[in-house]
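Notes for the one structure printed next.
Number of protein chains: 2
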Amino acid sequence: MVSIPRGFRDFPPPIMILRKKILGKIEDVFKRYGFDPFETPALEYWETVKGKLGEEAEGRLMFIFPDFFSKEWYTLRYELTFPLARYIAMHPDTPLPFKRYHIGRVWRHEEPQRGRYREFWQCDADIVGSPYPEADAEVISVNIDVMRAFDFENFTVRINDRRLLTGIFEEELGISNPLPIYRAIDKLDKVGEEGVRAELSRLGLHGPLVGRVMELISTRGDFSELRHSYEGFENERIKAALGHLEEIFSIISDDRLVLDLSLVRGLEYYTGPVFETSVSEPRIGSLAGGGRYDKLIALYSGRDTPATGISIGVERLIDAGLELGLFDLIERSYNEVFVVSVRRESWRYAWRVASALRKGGVNASLDLMRRSQSSQREYANKIGVKVIAFVGPSEEETETVTLYSKDIRKTVRISEVVSSVRELLSLS
Amino acid sequence: MVSIPRGFRDFPPPIMILRKKILGKIEDVFKRYGFDPFETPALEYWETVKGKLGEEAEGRLMFIFPDFFSKEWYTLRYELTFPLARYIAMHPDTPLPFKRYHIGRVWRHEEPQRGRYREFWQCDADIVGSPYPEADAEVISVNIDVMRAFDFENFTVRINDRRLLTGIFEEELGISNPLPIYRAIDKLDKVGEEGVRAELSRLGLHGPLVGRVMELISTRGDFSELRHSYEGFENERIKAALGHLEEIFSIISDDRLVLDLSLVRGLEYYTGPVFETSVSEPRIGSLAGGGRYDKLIALYSGRDTPATGISIGVERLIDAGLELGLFDLIERSYNEVFVVSVRRESWRYAWRVASALRKGGVNASLDLMRRSQSSQREYANKIGVKVIAFVGPSEEETETVTLYSKDIRKTVRISEVVSSVRELLSLS
Numbered sequence: 369m370v371s372i373p374r375g376f377r378d379f380p381p382p383i384m385i386l387r388k389k390i391l392g393k394i395e396d397v398f399k400r401y402g403f404d405p406f407e408t409p410a411l412e413y414w415e416t417v418k419g420k421l422g423e424e425a426e427g428r429l430m431f432i433f434p435d436f437f438s439k440e441w442y443t444l445r446y447e448l449t450f451p452l453a454r455y456i457a458m459h460p461d462t463p464l465p466f467k468r469y470h471i472g473r474v475w476r477h478e479e480p481q482r483g484r485y486r487e488f489w490q491c492d493a494d495i496v497g498s499p500y501p502e503a504d505a506e507v508i509s510v511n512i513d514v515m516r517a518f519d520f521e522n523f524t525v526r527i528n529d530r531r532l533l534t535g536i537f538e539e540e541l542g543i544s545n546p547l548p549i550y551r552a553i554d555k556l557d558k559v560g561e562e563g564v565r566a567e568l569s570r571l572g573l574h575g576p577l578v579g580r581v582m583e584l585i586s587t588r589g590d591f592s593e594l595r596h597s598y599e600g601f602e603n604e605r606i607k608a609a610l611g612h613l614e615e616i617f618s619i620i621s622d623d624r625l626v627l628d629l630s631l632v633r634g635l636e637y638y639t640g641p642v643f644e645t646s647v648s649e650p651r652i653g654s655l656a657g658g659g660r661y662d663k664l665i666a667l668y669s670g671r672d673t674p675a676t677g678i679s680i681g682v683e684r685l686i687d688a689g690l691e692l693g694l695f696d697l698i699e700r701s702y703n704e705v706f707v708v709s710v711r712r713e714s715w716r717y718a719w720r721v722a723s724a725l726r727k728g729g730v731n732a733s734l735d736l737m738r739r740s741q742s743s744q745r746e747y748a749n750k751i752g753v754k755v756i757a758f759v760g761p762s763e764e765e766t767e768t769v770t771l772y773s774k775d776i777r778k779t780v781r782i783s784e785v786v787s788s789v790r791e792l793l794s795l796s
Numbered sequence: 369m370v371s372i373p374r375g376f377r378d379f380p381p382p383i384m385i386l387r388k389k390i391l392g393k394i395e396d397v398f399k400r401y402g403f404d405p406f407e408t409p410a411l412e413y414w415e416t417v418k419g420k421l422g423e424e425a426e427g428r429l430m431f432i433f434p435d436f437f438s439k440e441w442y443t444l445r446y447e448l449t450f451p452l453a454r455y456i457a458m459h460p461d462t463p464l465p466f467k468r469y470h471i472g473r474v475w476r477h478e479e480p481q482r483g484r485y486r487e488f489w490q491c492d493a494d495i496v497g498s499p500y501p502e503a504d505a506e507v508i509s510v511n512i513d514v515m516r517a518f519d520f521e522n523f524t525v526r527i528n529d530r531r532l533l534t535g536i537f538e539e540e541l542g543i544s545n546p547l548p549i550y551r552a553i554d555k556l557d558k559v560g561e562e563g564v565r566a567e568l569s570r571l572g573l574h575g576p577l578v579g580r581v582m583e584l585i586s587t588r589g590d591f592s593e594l595r596h597s598y599e600g601f602e603n604e605r606i607k608a609a610l611g612h613l614e615e616i617f618s619i620i621s622d623d624r625l626v627l628d629l630s631l632v633r634g635l636e637y638y639t640g641p642v643f644e645t646s647v648s649e650p651r652i653g654s655l656a657g658g659g660r661y662d663k664l665i666a667l668y669s670g671r672d673t674p675a676t677g678i679s680i681g682v683e684r685l686i687d688a689g690l691e692l693g694l695f696d697l698i699e700r701s702y703n704e705v706f707v708v709s710v711r712r713e714s715w716r717y718a719w720r721v722a723s724a725l726r727k728g729g730v731n732a733s734l735d736l737m738r739r740s741q742s743s744q745r746e747y748a749n750k751i752g753v754k755v756i757a758f759v760g761p762s763e764e765e766t767e768t769v770t771l772y773s774k775d776i777r778k779t780v781r782i783s784e785v786v787s788s789v790r791e792l793l794s795l796s
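Note that the protein sequences, when read in sequence, are chains A and B.
As numbered in my numbering, residues 369 to 796 make up the first sequence, in order.
As numbered in my numbering, residues 369 to 796 make up the second sequence, in order.
In structure tokens form, the structure reads like this:
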């Protein structure tokens, strides 16, 4: 049996080249905002995670397994925030704010389907230490800049606040078992207003309450236009949320950012603002999301440590960008030059030319299969090399190289081969 | 319990910054030689690997565990060559030669000790498809260039050939159970000539044979000087090995490359040339190694597919470079500028300055903790920022920024802040 585990993927060069380009751009934005690189193990002790990630993750989605040689149980990293919290608890002297980014694999025992894998990459930027809206604004701004870096046009960052939800639904509207209600309203984008309305009735909400809930959640827009909807409430949580959101909106001041009371997202986890980014086309779900989690680190350290962060869902971002034509798989190799040895006797000279190119910083290959001239050329075209360098007895004698790129052909001295190739590459 | 699994490591920013620099340099060399990026899953089906990696790996070192939801068993990737072989078997239409590099984590249930971890990185470059010495020469040349890229001075690439070992020890000297003999001679560097001599006698080799073996293995040097030692043998394997090695030496022609009959390395795996790179100081073992494995891919595909490759042991390379002072952990952050808001009211202007810097490609942070001016400065120094930008009421009024870097202080217009910062960074 030769197979790859279900839900896992190999990444051949054309896909890797695209992925590296995309991850590199995301990393650049993280760096511009002063985030620093950080990595943690693929495995954590199950003991360290147990009871903190919720029933669905722990009972169904996490890879959990015993160590053969000790009594320990391991778990494969499920996401990148918990390892950060563990790290902060273990390193209480870390200067705060700690602004780290982490680009890495996570593993979930999902049922594989289009766009959903058992091994996928997350790109997280988090700020540990600041309880202030400035920090939330910074990670949201990172998110907006990432979307702009890829030329996504029709994207929206929806924002809500956990305290707004609790304050309105639990404290003001008196809903005592809010979890199913939150799940229902979170589906607004998927099932539409009528769907949510039906679900709320099914859950036993009386008519006027359903109406009130629908009124609250079905408006989206700029904070200053919407805040009046909540001004009737004299509730501390609601006030705290509104104050926090107001500052975020005034720092960001970008009409991509909209208030949306139907956004729920990761209830067990978040304590303040939550946000999610999606594009209007393709309808692929959210491309990024995050929020504030002021209580998570204390689960490990015992010390309250506020934190906020954003996670870019790079798999969906790639799928969306490919569908929109923002990305392509045209670049199949980093090879810039293939040095064809016209005859077998010219191979040593081809090696000399390839060495000169490599020393000059040009990515170059040459024949390793003792092939004919035409087979070498065919291979070079197959892997997508932009410039072909020919060397035969006459080139060797005159210490020259004959370069081909598209319809240009020129013979240059070996001492000039690097600059000539660079010129051809800049034209192609 | 808050702990990190034994033998696993977190990588905070200063270590990550160094690791990324080092991995980036290795990757650059791989790219120069025309290798393309490639990745495979962290998990493989145990079924796919079983019986191919040898007793020590499979019985003791591999992480092997069951899937909770199916009858499958998984294994964590033990090294990067087997996944390549599986990939080639599953994609028989891959254009050959397939030159791929793979930089990634592998997992081994080792007893943790200095320089030995249960999770570590390998950097592999392999050429699939070519049976010729040109391919071996290319990966050895990659290895030499990597060592030079890091300014390692006293390094040696030792080379041997599996067929030379078999031909001499088994066929010519008639040693019928050669494995313990190979293990004994492989220890030459560790235990010295007397140690190997004693071990060979203990293994039952008679005196003259011990002398003959010692004579063969205790000379190292250039191929042309040593080949006469083997010219007495009229053995097909030895001849094939000598022919192959002669071509490699003539292509590389670098006195870092030495023939060494005591080099054994991964017997179950290699079929031709094997090589290993080490530095004379520190005595830390090999920093890189590889060889030709013409039979491995056929284990999966059934089709003979020759291949050769090099693996850079980046953990040891980092340890050696730190000990030799070639690397340091001085760079603690990618942050280039910290924008200090002199008063709280200046924060919005500080955000504007930070945004201008970020748009201009400069990595910038600003206060997120509502700290005093001096605390902001203290934090900026702690994380190692090179330029501090001060903004207060007077800067805001005049749309300027006051920049400090070492003993230089200058006030510039916000429109010039990017170029002024770049100038200061180039001086620091």
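C-beta atoms are modelled at their ideal positions from N, C-alpha and C, and glycine is treated no differently.
Cut-off 7 Å between Cβ atoms - residues of its own chain near residue i, not counting five sequence neighbours on either side
i: B/Asp622; result: Ile512
i: A/Lys754; result: Glu704, Ser773, Leu793, Ser796
i: A/Val786; result: Ala724, Leu725, Gly728, Val730
i: A/Ser714; result: Val759, Gly760, Pro761, Glu764
i: B/Pro405; result: Tyr469
Beta-carbon proximity list for residue i, same chain, < 8 Å, skipping 5 on both sides
i: B/Leu797; result: Lying outside 369 to 796, the shown extent of chain B, residue 797 of chain B is not represented and no answer is given.
i: B/Ala517; result: Lys393, Ile394, Asp396, Val397
i: B/Arg445; result: Thr408, Pro409, Ala410, Leu411, Glu412, Pro451, Gly472, Arg473, Val474, Trp475
i: B/Tyr717; result: Ser709, Val759, Glu763, Glu764
Identified DSSP bridge partners for residue i
i: A/Ala656; result: A/Thr645, A/Ile680
i: B/Gln490; result: B/Gly472
i: B/Lys778; result: B/Leu771
i: A/Phe466; result: A/Val496
i: B/Thr524; result: B/Ser646
i: A/Gln481; result: A/Arg484
i: A/Ser733; result: A/Phe706
i: B/Val626; result: B/Arg526
i: B/Ala675; result: B/Val496
For residue i, three-class secondary structure by DSSP
i: B/Lys754; result: coil
i: B/Arg790; result: helix
i: A/Val370; result: coil
i: B/Arg588; result: strand
i: A/Val759; result: strand
i: A/Val632; result: coil
i: A/Tyr598; result: helix
i: B/Gly575; result: helix
i: B/Asp461; result: coil
i: A/Glu699; result: coil
Boundaries (first-last residue) of the alpha helix (DSSP H) holding residue i
i: A/Ile619; result: 604-620
i: A/Ser723; result: 715-727
i: A/Tyr668; result: 664-669
i: B/Ser509; result: 501-517
First through last residue of the beta strand (DSSP E) which encompasses residue i
i: B/Phe706; result: 705-709
Near the ligand ZN: residue i beta-carbon under 7 Å from a heavy atom
i: A/Ile471; result: As far as ligands go, the structure on display features none, and thus does not contain the ligand ZN.
Residues of its chain near residue i, where Cβ-Cβ distance is below 6 Å and the 5 sequence neighbours each way are ignored
i: A/Met430; result: Thr443, Tyr446
i: A/Phe601; result: Glu540
i: A/Phe617; result: Phe591
i: B/Arg580; result: none
*Enumerated in chain order, which unbroken segments of the beta strand (DSSP E) with a length of 3 residues or greater are wholly contained in the region 378-452 of chain A?*
411-413, 432-434, 441-444
*asked:* My parser needs the alpha helix (DSSP H) runs of 4 or more residues fully inside the region 531-557 of chain B; what are they?
replied: 546-554
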